[in-house]
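Participant: In this note's numbering, the protein residues as written are 35 to 120. Idealized CB from N, CA, C, for every residue including glycine. All figures in this text were calculated on a predicted structure; none of them were measured in a lab. I'd like to ask some things about the structure below.
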Amino acid sequence: MSFIKQQVIEDYVNLALNNINSLESKNSCYFCFRTIRKEEIECTDPEGETALCPNCDMDCLIPGDIEIKVLRAIHNKVFKVKKDSK
Ligand SMILES: [Zn+2]
Numbered sequence: 035m036s037f038i039k040q041q042v043i044e045d046y047v048n049l050a051l052n053n054i055n056s057l058e059s060k061n062s063c064y065f066c067f068r069t070i071r072k073e074e075i076e077c078t079d080p081e082g083e084t085a086l087c088p089n090c091d092m093d094c095l096i097p098g099d100i101e102i103k104v105l106r107a108i109h110n111k112v113f114k115v116k117k118d119s120k
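Spelled out as structure tokens, the structure:
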């Protein structure tokens with residue numbers, strides 16, 4: 035499942051942070067894999083810089099309509115890493 039390079043995954047993860055000004059009409063959550071329309075987004079982080087997914091409340095919204103296989107690869111990498119490091 036490593037058809038995407040680590041660097042590319044990090045780039046996507048960065049797109050999900052401080053994304054409030056880069057949201058598109060469709061956005062993709064790499065936690066719950068939903069496609070989220072911009073008007074569905076209601077919550078941000080306390081600083082108001084990162085939009086949270088209205089479905090799962092995670093800061094995992096990547097602007098744009100991202101392929102599901104890409105989202106899954108990001109999910110697997112990110113949440114495996116987080117479990118080990120914290
Ligand atoms: Zn979500």
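1) What's the gap between the Cα of residue 82 and the Cα of residue 59?
2) Are the CB atoms of residue 95 and residue 55 nearer to each other than 8 Å?
3) Tell me, which residues are paired with residue 97 by DSSP?
4) Collect the residues with a C-beta less than 5 Å away from any heavy atom of ligand 1 and give them in sequence order along the chain.
5) In the DSSP assignment, find the unbroken alpha helix (DSSP H) run with residue 43 in it and report its ends.
6) Here's the rule I'm using: 16 or more other beta-carbon atoms within 10 Å means buried, otherwise exposed. How should residue 70 be labelled?
Facilitator: Working from what's here:
1) Working through the sequence shown from its first residue, we reach residue 82 at position 48. Working through the sequence shown from its first residue, we reach residue 59 at position 25. Near 19 Å, if we compare the C-alpha coordinates of residue 59 and residue 82.
2) Here residue 95 is taken as the residue at index 61 of the sequence shown, counted from 1. Here residue 55 is taken as the residue at index 21 of the sequence shown, counted from 1. Not a contact, by the Cβ cut-off of 8 Å.
3) Along the sequence shown, read from residue 1 onward, the residue named residue 97 stands at position 63. According to DSSP, which records beta bridges pairwise, residue 97 is partnered with 61.
4) 63, 65, 66, 87, 89, 90
5) Here residue 43 corresponds to residue number 9 of the sequence shown, with the count starting at 1. First-last of the alpha helix (DSSP H) with residue 43: 40-49.
6) The count along the sequence shown starts at 1 and reaches residue 70 at position 36. It is buried - the Cβ of residue 70 has at least 16 other Cβ atoms within 10 Å.
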